[in-house]
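127 is the number of the first residue of the sequence shown in my numbering; add one for each residue after it.
Everything below concerns the one structure shown next.
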Amino acid sequence: MTDNPYNSMLHQFERAAKLLGYNESDYKTLKYPERELKVSVPVKMDDGRIEVFTGYRIQHSTTRGPCKGGIRYHPDVSGNEVKALAAWMTWKCSLVNLPYGGAKGGIRCDPTKLSERELKKLTRRYTAAILPLIGPEKDIPAPDINTNAEVMGWVMDTYSMFQGYTVPGVVTGKPLQIGGAAGRLEATGRGVQFVVERFLKKIGRDLKDVTVAIQGFGNVGSVTANLLYNCGAKIVAVSDISGGKFCSSGLDISDILKYTEESKDNIKNYRNPDAVDISNAELLELDVDLLIPAAQESQITKENVNRIKAKYIVEAANGPITFEADKILEERNVPVIPDILANSGGVIVSYFEWVQNIQFLLWDEEYTNDMLEKIITRSFEEIWRLSEEKGVSFRVAAYMIAVSRVVEAKKIRGIFP
Ligand code: NAD
Numbered sequence: 127m128t129d130n131p132y133n134s135m136l137h138q139f140e141r142a143a144k145l146l147g148y149n150e151s152d153y154k155t156l157k158y159p160e161r162e163l164k165v166s167v168p169v170k171m172d173d174g175r176i177e178v179f180t181g182y183r184i185q186h187s188t189t190r191g192p193c194k195g196g197i198r199y200h201p202d203v204s205g206n207e208v209k210a211l212a213a214w215m216t217w218k219c220s221l222v223n224l225p226y227g228g229a230k231g232g233i234r235c236d237p238t239k240l241s242e243r244e245l246k247k248l249t250r251r252y253t254a255a256i257l258p259l260i261g262p263e264k265d266i267p268a269p270d271i272n273t274n275a276e277v278m279g280w281v282m283d284t285y286s287m288f289q290g291y292t293v294p295g296v297v298t299g300k301p302l303q304i305g306g307a308a309g310r311l312e313a314t315g316r317g318v319q320f321v322v323e324r325f326l327k328k329i330g331r332d333l334k335d336v337t338v339a340i341q342g343f344g345n346v347g348s349v350t351a352n353l354l355y356n357c358g359a360k361i362v363a364v365s366d367i368s369g370g371k372f373c374s375s376g377l378d379i380s381d382i383l384k385y386t387e388e389s390k391d392n393i394k395n396y397r398n399p400d401a402v403d404i405s406n407a408e409l410l411e412l413d414v415d416l417l418i419p420a421a422q423e424s425q426i427t428k429e430n431v432n433r434i435k436a437k438y439i440v441e442a443a444n445g446p447i448t449f450e451a452d453k454i455l456e457e458r459n460v461p462v463i464p465d466i467l468a469n470s471g472g473v474i475v476s477y478f479e480w481v482q483n484i485q486f487l488l489w490d491e492e493y494t495n496d497m498l499e500k501i502i503t504r505s506f507e508e509i510w511r512l513s514e515e516k517g518v519s520f521r522v523a524a525y526m527i528a529v530s531r532v533v534e535a536k537k538i539r540g541i542f543p
């Protein structure tokens, strides 16, 4: 069995299904995505050339409601990766009990090499290509790696142009001015913060006495770093794709954020006498209390897992630990808060955004954050209880809750026709 994201997902899901006592026929359909769309996306580039990009929208399950899941722009996007990410969305939405199924989309491209005009054309043409699948009652995209509120605005506008009227509920993570939710930008990082706080409280540790390393300094990593830093955590290392910085007495996260926001530069070029260079591989292997991978999947693998020294891991990214590495961490009793809980803040607040859009309501940020905390801590407590009751890891407990909700819904609905 190769160490790829879809196989990791299948392992996690089938293990939970078997522990729940299900027969294969109870869950067999969930081993396969319901729909896979692969599209060619032609773009006339600024220099007049025609470039053709490959895009995907994959819907894993609609059993519990319309599909939900982000759109990723990255050179490594593949059908296998999008398929795994789509299924993880099914489990995540089920775990936090949102009335959604799971989907994911992506375009294989390097957005750092595209002009804004090219990016806009790419997004609009991709949206047109996946039009038959998306819609507020069918499948609602959101941002993921290298896509942001602006890109979501283009998706919303393109969809609306085809409908002939404005449809804010087709996509979440939009700019506030066109129906975005207050607090959505920070939602995933804020959710990570709530989960970290709850976990540390349970094990009797104070955030102020904990050393933290965070891999990835994009939407999720930078917001998580900032929120934990503002609560007094000692963040000893952060990184992005260019590399990272380390300081044993704690980095000044507000200064790093100021630098990256103002200069639009990578962390590698940030200068501070106290902060030394560190590679992404070194960051993952630091002797810290808490490691937060917030970049990409498959960062902790069977190759480096034995060098991981962190006492606890909170998966802010999707699938940062491969199945094989996860097994080893489990044997070593390293607590891992799984991605489907840890980064669910994004989809929870996306759900709030969609609810407001389809009902023409407006919530304020305080109410949004309170509701986010309520939902994510409720799920954390469910996982904690089941993990203690069954003597299983947090991940296995999370999957048992998520899988049982989808399988039970499937049983009620039955197989068509
Ligand atoms: P982003 O594009 O805003 O940031 C990604 C960050 O990771 C950047 O700092 C980038 O430089 C860094 N990075 C990329 N490849 C790397 C590598 N190989 N090594 C080290 N750093 C690397 O993306 P994001 O939205 O912050 O997403 C990060 C992760 O969180 C992804 O796994 C994504 O699926 C997941 N996630 C995001 C959201 C959301 O709301 N944005 C919600 C749930 C889960």
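Backbone N, C-alpha and C define an ideal beta-carbon position, used for all residues, glycine too.
Taking 9 Å as the cut-off, decide whether the C-beta atoms of residue i and residue j are in contact.
i	j	result
Gly-231	Pro-267	yes
Lys-209	Tyr-132	yes
Pro-446	Phe-520	no
Leu-248	Ile-233	yes
Asp-202	Gln-482	no
Gln-341	Pro-419	yes
Ala-229	Ala-528	no
Met-278	Val-293	no
Thr-238	Trp-280	no
Asp-152	Lys-537	yes
Val-402	Cys-373	yes
Ala-535	Thr-189	yes
Gly-309	Leu-498	yes
Ile-404	Ser-368	no
Val-346	Ala-443	yes
Just verifying my parser: in three-state terms, what is the DSSP assignment at residue i?
i	result
Asp-283	helix
Pro-159	coil
Ser-530	helix
Gly-369	strand
Lys-170	strand
Thr-180	strand
Ile-439	strand
Gly-231	strand
Val-165	strand
Val-402	strand
Gln-185	strand
Ala-268	strand
Gly-295	helix
Pro-419	strand
Lys-390	coil
Arg-198	strand
Gly-261	strand
Ala-523	helix
Could you check whether the Cβ of residue i sits closer than 8 Å to any heavy atom belonging to the ligand NAD?
i	result
Ser-348	yes
Ala-210	no
Phe-343	yes
Glu-423	yes
Asn-495	no
Asp-152	no
Arg-198	yes
Gly-231	no
Pro-267	no
Ser-368	yes
Ser-365	yes
Ile-271	yes
Gly-306	no
Asp-391	no
Val-473	yes
Gly-309	no
Asp-236	no
Asp-465	yes
Asn-274	yes
Gly-299	yes
Spatial neighbours of residue i within its chain, please: CB distance less than 6 Å, with the 5 preceding and 5 following residues excluded, ordered by chain position.
i	result
Lys-437	Asp-415
Glu-140	none
Lys-390	none
Cys-235	Phe-179, Tyr-199
Lys-264	Pro-192
Gly-295	Pro-262, Trp-480, Asn-483, Ile-484
Could you name the residues of the same chain whose beta carbon sits closer than 7 Å to that of residue i, not counting the 5 residues immediately before and after it, in chain order?
i	result
Met-135	Ala-210, Ala-213, Trp-214
Asn-130	Asn-206
Val-321	Val-440, Ile-463, Leu-467, Ala-468, Ile-502, Phe-506
Considering only residues of the same chain and omitting the five flanking positions on each side of residue i, which have a CB-CB separation below 8 Å?
i	result
Leu-383	Ser-348, Ala-351, Asn-352
Ile-256	Leu-163, Val-165, Gly-181, Arg-183, Gly-231
Leu-455	Ile-426, Val-431, Ile-434, Ile-439, Ile-447, Val-462
Leu-145	Lys-516, Val-518, Val-522, Met-526
Val-100	Residue coverage of the chain in this structure runs from 127 to 543, which leaves residue 100 outside it and unanswerable.
When every heavy atom of the ligand ADP is checked, does at least one fall within less than 8 Å of the C-beta of residue i?
i	result
Ala-442	The model depicted lacks the ligand ADP and carries the ligand NAD instead.
Which ranges does the beta strand (DSSP E) cover as unbroken runs of at least 3 residues, wholly within the segment 313-363, from first to last along the chain? 337-341
May I have a chain-ordered list of the alpha helix (DSSP H) segments no shorter than 4 residues that lie completely inside the segment 483-509? none
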